[in-house]
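Engineer: Residue numbers (our numbering), protein chains in the order written: chain A, 1 to 146; chain B, 147 to 292.
The C-beta atom is built at its ideal place from N, Cα and C for all residues, glycine as well.
First the structure, which I've put down as structure tokens, then a few questions once you've had a look.
2 protein chains.
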Amino acid sequence: MSATTPETPTKLQLLELLAAIGTAQWRDFAAAAAHHGLTSTQAKVLAQLSGPLPMRALATLLVCDASNVTGIVDRLEGRGLVRREADAHDRRVKNVVATDEGRDVIRRVREEMQATHGALDTLGAEDSATLYALLARLRPGMEKDA
Amino acid sequence: MSATTPETPTKLQLLELLAAIGTAQWRDFAAAAAHHGLTSTQAKVLAQLSGPLPMRALATLLVCDASNVTGIVDRLEGRGLVRREADAHDRRVKNVVATDEGRDVIRRVREEMQATHGALDTLGAEDSATLYALLARLRPGMEKDA
DNA sequence: AGTGAATGCTTGAGGTGCTTAAGTAAACAA
DNA sequence: TTGTTTACTTAAGCACCTCAAGCATTCACT
Chain A
1 MSATTPETPT KLQLLELLAA IGTAQWRDFA AAAAHHGLTS TQAKVLAQLS GPLPMRALAT
61 LLVCDASNVT GIVDRLEGRG LVRREADAHD RRVKNVVATD EGRDVIRRVR EEMQATHGAL
121 DTLGAEDSAT LYALLARLRP GMEKDA
Chain B
147 MSATTPETPT KLQLLELLAA IGTAQWRDFA AAAAHHGLTS TQAKVLAQLS GPLPMRALAT
207 LLVCDASNVT GIVDRLEGRG LVRREADAHD RRVKNVVATD EGRDVIRRVR EEMQATHGAL
267 DTLGAEDSAT LYALLARLRP GMEKDA
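In structure tokens form, the structure reads like this:
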């Protein structure tokens, strides 16, 4: 118990591994997005639009300034992947909605994350369940804004 | 076993969870870096400098163009966190070395990733080992440049 | 109602990150 | 020697990001 064994990784090792996997997945996502002429930021925004969303809500989700979202949505709108709609109840609000083409593009981006899909396929049902359970336990603590 | 049970997540669920955790960790890292006046990119570069590293090697590690690294190292050097040294064997090469202050800053950034550390602390030794083993199996497939 | 504060969005300035193209210097190979 | 490759830098151009300011609308309180 005193020495480091392969079975008990140090926190630093676990942290490094987690970072490496996060980086790899992000690169896979960015590459798939680029394949469709999108930056990763644009793809990330598009990925949030399962329904209409106010600019402000988008900024909150992305944890960035609202003025930043203006530019990103401008570019997406310029490509016809997104639309700005007036809100029915608050005339200050503009709801962002994905167009049919926008939904189609983000669906394809998700499908084309080959490296990530391939890696996940190497896990059996039981291992997937174990991994999912462990990560689910990690998630709430990680998203806490300390 | 035939129906979807809470124990057998779909690949999409697992993918989403992995993305959420990757994002959360990245934000934690960026926040800690910002706390020391660094951008996340600058911190990432500093994190690679356990020893002297040529500009070219740095670019390869970051998977970006060499001209990009010039600017990042310029800014780090301007703050005295990094030094460019001539290479003993190849006069074309400039080795980047972290200064004492640079090493100190990146050490503190790592320590201050509170959210991540806290989340990892909720896992016992056995769970950590299990998670580590599963992630280690995932890693090679994810880093494959397909 | 009427007035002041808070909210949602946009614009503009300034800095960082990233890529491509071009240029310099040094190493290498024929 | 001559020609090619390699390491780094510079410059132009765009995307991202923040802050400060400004406009329109809504809200809260008297």
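Could you please tell me which residues of the stretch 174–186 of chain B, in chain order, have their CB closer than 9 angstroms to any CB of chain A?
Structural biologist: So the list reads Asp174, Phe175 and Ala177, given in the order they occur along the chain.
Engineer: Return helix, strand or coil for Arg253/B, following the three-state DSSP convention.
Structural biologist: Arg253/B: helix per DSSP, three-state reduction.
Engineer: Quick one: which unbroken alpha helix (DSSP H) runs of 4-plus residues sit fully inside the stretch 51–133 of chain A? Chain order, please.
Structural biologist: Correct list: 55–62, 66–78, 100–111 and 114–121.
Engineer: Under a CB-based cut-off of 9 angstroms, is Gln42/A close to chain B?
Structural biologist: So, not an interface residue.
Engineer: For Asp174/B, collect the residues of the same chain with a Cβ closer than 8 angstroms to its Cβ; drop the 5 residues on either side in sequence, then sort them by chain order.
Structural biologist: Contacts found: Met259, Gln260, Ala261 and Thr262.
Engineer: Distance check for Leu18/A and Thr150/B, CA to CA, integer angstroms please.
Structural biologist: Its pLDDT being 44, under 50, Thr150/B is placed unreliably by the model, and the measurement read from it follows with that caveat. Distance between the alpha carbons of Thr150/B and Leu18/A: 27 angstroms.
Engineer: Using the beta-carbon of each residue, which ones in chain B are nearer than 7 angstroms to Ala136/A?
Structural biologist: Chain B residues near Ala136/A: Leu163.
Engineer: Can you have a look at Lys190/B and say buried or exposed, based on whether 16 or more other CB atoms are within 10 angstroms of its CB?
Structural biologist: Per the 10 Å Cβ criterion, buried.
Engineer: Measure the alpha-carbon distance for Leu46/A versus Gln13/A and round it to whole angstroms.
Structural biologist: The straight-line gap from Cα to Cα measures roughly 34 angstroms.
Engineer: Let me know if Lys147/A comes out buried or exposed under the rule of 16 or more other beta-carbons within 10 Å of its beta-carbon.
Structural biologist: Outside the shown range of chain A, which is 1 to 146, sits residue 147/A, and nothing can be said about it.
Engineer: If you draw a straight line from the C-alpha of Leu204/B to the C-alpha of Gln194/B, how long is it?
Structural biologist: Distance between the alpha carbons of Leu204/B and Gln194/B is about 8 angstroms.
Engineer: Below 9 angstroms between beta carbons: does that hold for Ala32/A and Arg103/A?
Structural biologist: It is not a contact, given that the beta carbons lie outside the stated cut-off.
Engineer: Please name the residues in the stretch 192–205 of chain B whose beta-carbon is closer than 8 angstroms to at least one beta-carbon of chain A, in chain order.
Structural biologist: Result list empty, no residue passes.
Engineer: Hey, quick one: how far does the alpha helix (DSSP H) through Glu16/A stretch, first residue to last?
Structural biologist: Per DSSP, Glu16/A belongs to the alpha helix (DSSP H) from Lys11 to Ala34.
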